[in-house]
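S.K.:
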Amino acid sequence: MTAFESVEQAGKALAVQGYLTDQRLATMVYLLTRLEKPVLLEGPAGVGKTELAKSLAAATGRRLLRLQCYEGQDEASALYEWDYGKQLLYTQILREKIGQLVADAPDLHDAVNRIGEQESVFFSERFLAGRPLLEAVRSEEPVVLLIDEIDRADEALEAVLLEMLGEYQISVPEIGTFTARRRPYVILTSNNTRDLAAALKRRCLHLFLDYPSAERELDIVRSKDTGLPEALASQLVEIVRGLRELELRKSPSISETIDWARTLAVLGVDELTAPVLSDTVSVVVKYDKDVRRALEALPRLVDPNAEIPEPDHGHGHGHGHSHEPPKVSADRGSRSFGRAR
Ligand SMILES: Nc1ncnc2c1ncn2[C@@H]1O[C@H](COP(=O)(O)OP(=O)(O)OP(=O)(O)O)[C@@H](O)[C@H]1O
Ligand SMILES: [Mg+2]
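Heads up, the final residue of the sequence shown is numbered 341 in the UniProt record's numbering, and it's a clean run with no missing numbers.
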């Protein structure tokens, strides 16, 4: 399979791989395969940026090459390196042959020159260790290239990418320029921790991937066979959406919704109540402060008309869903979870 024939076909092919798109995303994928232009996906963690590249590879039968970016990354780990170990091994095995070459050299200068003339032998493709970018260009079969979390790398690496993204080629000074036989489908992802260079953005189609609509999120949860009954899954999606409205340090993402659904299914929960959600809330929010905010909001999210129960103490953990039904006590109001807004 090469390019998709329509937006619908792109969406369907991804769905077969378990990746559910909306119209906007399916259109972008369709264009990526038709225009063969890189796509830059920006958006919060866990909204399916990486997963899209994997699913696209599976849907098009292409091999996935992945460049995981990190701070301080040098270009050698992205482009290529000379395989020093192999070069050394060859020179050792060929020691005699090399010795003959310089045996009758009148002086050191001449010997060095003779070795220098053979340099191209050791700086040839044989000794080139391709890293993901070069591999994507050199590959016999077309590939999907995922450049993941580009915002973590330094700006210098972005500059290195430009030749690749614009022309699908990579120059190795000692050898020449490699140009892709078949253009790779390139997906870059960013969590927006910093602005990317305009030159990079210009070379890409751009898509901001946000949290999905309730409907699509429910579809995704459903597609993962979490074991949670439909009605509860639907309610859970709404609750997670409610948590996203709180100003949390790290909002729960799609993967957290899925994890929560699985957790509740394993517990055999048949009704979503504030206590049962509170007990498992650490599946979806991971920072202490966020947990406290979530605990405070849950009763309201489960039932907007609920009266907020009085937490029984104020030591952070122990969220005080007790064995008694929730009741409101008038005094001691704002001691522990100080209700913001
Ligand atoms: N559209 C989708 N269809 C099906 N599953 C999805 C979809 N979006 C996200 N998921 C699920 O969410 C999980 C997390 O997605 P992924 O790892 O791709 O997020 P991400 O955006 O790359 O996050 P990060 O920025 O943290 O790397 C996936 O493993 C997948 O199970
Ligand atoms: Mg990712």
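All C-beta atoms in this analysis are idealised placements derived from N, C-alpha and C, irrespective of residue type, glycine included.
Leaving out five residues before and five after residue 26 in sequence, what residues of the same chain have Cβ atoms less than 6 angstroms from its Cβ?
M.R.: So the list reads 7, 10, 11, once near-sequence residues are dropped.
S.K.: At what residues does the beta strand (DSSP E) containing residue 19 begin and finish?
M.R.: Here residue 19 belongs to no beta strand (DSSP E), and DSSP marks it neither H nor E.
S.K.: Can you determine whether any heavy atom of ligand 2 sits closer than 8 angstroms to the C-beta of residue 45, and answer yes or no?
M.R.: Yes, Cβ of residue 45 sits closer than 8 angstroms to a heavy atom of ligand 2.
S.K.: Can you pull the DSSP bridge partners for residue 187?
M.R.: In DSSP, residue 187 forms a bridge with 39, 146.
S.K.: Given a cut-off of 9 angstroms on the beta-carbon distance, is the pair residue 175 and residue 128 in contact?
M.R.: It is a contact, given that the beta carbons lie within the stated cut-off.
S.K.: How should residue 53 be labelled, buried or exposed, when 16 other C-beta atoms within 10 angstroms of its C-beta is the threshold for buried?
M.R.: The residue in question, residue 53, is buried, as its Cβ has 16 or more Cβ neighbours within 10 Å.
S.K.: Measuring only the C-alpha atoms, how far is residue 267 from residue 126?
M.R.: Rounded to the nearest angstrom, the two C-alpha atoms are 57 angstroms apart.
S.K.: Could you please go through the chain and list the residues whose beta-carbon is closer than 6 angstroms to any non-hydrogen atom of ligand 2?
M.R.: Here the list is 49, 50, 148, 189.
S.K.: Taking the alpha-carbon positions, what's the residue 303 to residue 258 distance?
M.R.: If you take the alpha carbons of residue 303 and residue 258, they lie about 21 angstroms apart.
S.K.: Below 8 angstroms, is the gap between the Cβ of residue 209 and the nearest heavy atom of ligand 4?
M.R.: In the structure on display, ligand 4 does not appear, and the ligands it does have are ligand 1 and ligand 2.
S.K.: Helix or strand or just coil, what does DSSP make of residue 208?
M.R.: In the structure shown, residue 208 sits in a strand (DSSP, three-state: E or B).
S.K.: Let me confirm a value: residue 60 is counted as buried when at least 16 other C-beta atoms fall within 10 Å, else exposed. Which label applies?
M.R.: Under this definition residue 60 is a buried residue.
S.K.: Of all the options 43, 72, 124, which has the alpha carbon lying nearest to the alpha carbon of residue 87?
M.R.: For the residues 43, 72, 124, the minimum Cα distance to residue 87 belongs to 124.
S.K.: Please confirm whether residue 342 and residue 33 have their CB atoms less than 9 angstroms apart.
M.R.: Coverage of the chain is limited to positions 1 through 341, which leaves residue 342 absent and any answer about it impossible.
S.K.: Please say whether residue 65 and residue 143 have beta carbons closer to each other than 9 angstroms?
M.R.: In contact: residue 143 and residue 65 (Cβ atoms closer than 9 angstroms).
S.K.: So is residue 256 buried or exposed if we call it buried at 16+ other beta carbons inside 10 Å?
M.R.: By the neighbour-count rule (16 or more Cβ atoms within 10 Å), residue 256 is buried.
S.K.: Decide if residue 317 is buried, meaning its Cβ has at least 16 other Cβ atoms within 10 Å, or exposed.
M.R.: Only weak support exists for where residue 317 lies, its pLDDT of 46 falling under 50; the value from the coordinates is given anyway. By the neighbour-count rule (16 or more Cβ atoms within 10 Å), residue 317 is not buried but exposed.
S.K.: Per the contact definition of three or more C-beta pairs closer than 8 angstroms, is the segment 192-201 in contact with the segment 222-240?
M.R.: Cβ pair count under 8 angstroms is below three, so no.
S.K.: May I ask you to verify whether the segment 66-86 touches the segment 216-223, counting CB pairs closer than 8 angstroms and requiring at least 3?
M.R.: The segment 66-86, when compared against the segment 216-223, does not touch it at the 8 angstroms Cβ threshold.
S.K.: DSSP state of residue 80, grouped into three classes?
M.R.: DSSP places residue 80 in strand when its eight states are reduced to three.
S.K.: For ligand 1, is there any heavy atom lying closer than 8 angstroms to the beta carbon of residue 220?
M.R.: Indeed, a heavy atom of ligand 1 lies less than 8 angstroms from the Cβ.
S.K.: Residue 290 and residue 248 look like a contact to me (Cβ under 8 angstroms); what is the Cβ gap, rounded to whole Å?
M.R.: Confirmed, Cβ separation roughly 4 angstroms.
S.K.: Does ligand 1 have even one heavy atom less than 8 angstroms from the beta-carbon of residue 18?
M.R.: The answer is yes for residue 18.
S.K.: Compute every distance between the C-beta of residue 52 and the non-hydrogen atoms of ligand 1, then say whether any falls below 8 angstroms.
M.R.: The answer is yes for residue 52.
S.K.: Suppose you measure from the CA of residue 91 to the CA of residue 84; what does that come to, to the nearest Å?
M.R.: About 11 angstroms.
S.K.: What did DSSP end up calling residue 338 once you bin it into helix, strand or coil?
M.R.: Residue confidence for residue 338 is low, a pLDDT of 33 falling below 50, so the modelled location carries little weight; the figure read from the coordinates is stated next. Here residue 338 sits in coil by DSSP.
S.K.: Between which two residues does the alpha helix (DSSP H) containing residue 244 stretch?
M.R.: Per DSSP, residue 244 belongs to the alpha helix (DSSP H) from 230-245.
S.K.: How about residue 163: is its C-beta nearer than 9 angstroms to some C-beta of chain D?
M.R.: Among the chains in the structure shown there is no chain D, since it carries only a single protein chain.
S.K.: Go through its chain and collect everything with a Cβ distance to residue 262's Cβ below 6 angstroms, but skip five positions before and after it.
M.R.: Result list for residue 262: 226, in chain order.
S.K.: Who pairs with residue 128 in a beta bridge, going by DSSP?
M.R.: BP columns for residue 128 point to 82.
S.K.: Would you mind sorting residue 97 into buried or exposed? The rule is 16 or more other CB atoms within 10 Å of its CB.
M.R.: It is exposed - the Cβ of residue 97 has fewer than 16 other Cβ atoms within 10 Å.
S.K.: Output the residue ranges of the alpha helix (DSSP H) runs that lie fully inside the segment 91-136 and measure 4 residues or longer, sorted by chain position.
M.R.: Fully enclosed alpha helix (DSSP H) runs of 4 or longer: 95-103, 108-117, 119-122.
S.K.: In the DSSP assignment, the beta strand (DSSP E) including residue 170 goes from what residue to what residue?
M.R.: Unbroken beta strand (DSSP E) run through residue 170: 169-172.
S.K.: Between the segment 164-174 and the segment 135-149, do three or more beta carbon pairs fall short of 8 angstroms?
M.R.: The answer is yes - the segment 135-149 touches the segment 164-174, with three or more Cβ pairs under 8 angstroms.
S.K.: Is it right to say residue 108 is buried, meaning 16 or more other beta carbons lie within 10 angstroms of its own, or is it exposed?
M.R.: Classification for residue 108: exposed.
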